[in-house]
Amino acid sequence: MQIIIFGAPGVGKGTQAKILASKLNIAHISTGDILREAIKKGTDTGMKAKAIVETGGLVPDDIMGGIIKDALKEDRCKNGYILDGFPRTIEQAKILSAILNELKVEKLTLIKLDADDQVIISRLSNRLVCSKCGNIIVKSNYSSNFNCPVCKSVDSYIKRKDDDEEVIRKRLKLYHDTTSPVFNYYKDKAEIVEINGTESIDNITKNILVKMGKG
Ligand code: AMP
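Under our numbering, the first residue of the sequence shown is numbered 9, with each subsequent residue one higher.
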């Protein structure tokens, strides 16, 4: 099963992708996570991407194309995958089409999550992320000596550098100007599942699975 989860930054793609990957037994491929890991390790790609990611820009398409090509060849993708954060440009969508052609993938599902910018700005400004496992919590649930409910690390929650309000606005503008048109590219190439992203996490998952015929 090959799925793209699509929508603005902060709409809940990562949260839903993790849940769906586990329920459907497929890999979760988050290009944001791959880049953050590369930055942490100081690899060549990480060093090229660091300033761009931290200021909310888009990493060049050729770098992203290489990352996704490598990721999709990994063993964990054998049973299928959910792409989170890719493609973000028409050029990336074309790169993905070429890879999927080569891999003889015929059926693609695109899940689009929708929410107003105001909801997104408020969510992103109020979230903290576990620096060890990537789990997300609301700032008001945090206190010192907090234990990550997923990986059990202590005091591991941080605010992502790109969750600063000015950077959030830039990321949203890039989404509307550059990424949003990618949706049209898939209208005749994928099964489209459109979902209201403002409901509870559980309801969103349920709605996605029902619309995909897996509920
Ligand atoms: P995300 O975790 O998906 O919000 O991604 C965090 C940041 O990583 C983005 O704001 C971009 O700077 C970079 N990034 C992730 N995926 C891509 C992509 N497909 N193309 C370009 N930049 C990306």
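For each residue, glycine too, the CB sits at the ideal point set by N, CA and C.
Model, not experiment: these values are computed from the prediction.
- Contact annotation, Lys181 with Gly15: C-beta distance approximately 15 Å; criterion of less than 8 Å not satisfied.
- Between Leu104 and Leu32, the alpha-carbon positions lie close to 22 Å from each other.
- Counting only beta-carbon distances shorter than 5 Å to the non-hydrogen atoms of the ligand AMP, the qualifying residues in chain order are Pro17, Thr39, Gly40, Leu43, Val61, Leu66, Val67, Met72, Gly93, Phe94, Arg96.
- Counting only the Cα atoms, Arg177 lies some 19 Å from Lys147.
- Here Ile203 is actually not in contact with Asn192; their C-beta atoms are around 18 Å apart, not less than 8 Å.
- Counted as a single uninterrupted DSSP element, the beta strand (DSSP E) harbouring Thr117 occupies residues 116–122.
- Cβ neighbours of Arg168 within its own chain (closer than 6 Å, five residues either side excluded): Val137.
- In the displayed model, Ala35 falls within a strand according to three-state DSSP.
- Sequence-distant partners of Gly18 (beyond 5 residues in either direction) whose C-beta falls short of 6 Å from its own C-beta, in its chain, are Ile128, Arg131, Leu132.
- The beta carbon of Asp41 sits closer than 7 Å to those of Gly142, all from its chain and outside the five residues before and after it, given in chain order.
- In the DSSP assignment, Ile145 forms a beta bridge with Leu136.
- For Tyr89, the enclosing beta strand (DSSP E) has its first and last residue at 89–92.
- Here DSSP, grouped into helix, strand and coil, assigns Asn211 to helix.
- In this structure, Gln24 sits away from Ile145, with a CB-CB distance that is not shorter than 8 Å.
- With a cutoff of 8 Å on beta-carbon distance, Ile76 and Thr117 are scored as not near each other.
- Counted as a single uninterrupted DSSP element, the alpha helix (DSSP H) harbouring Asn109 occupies residues 98–110.
- Look at Asn192 here: in three-state DSSP terms it is helix.
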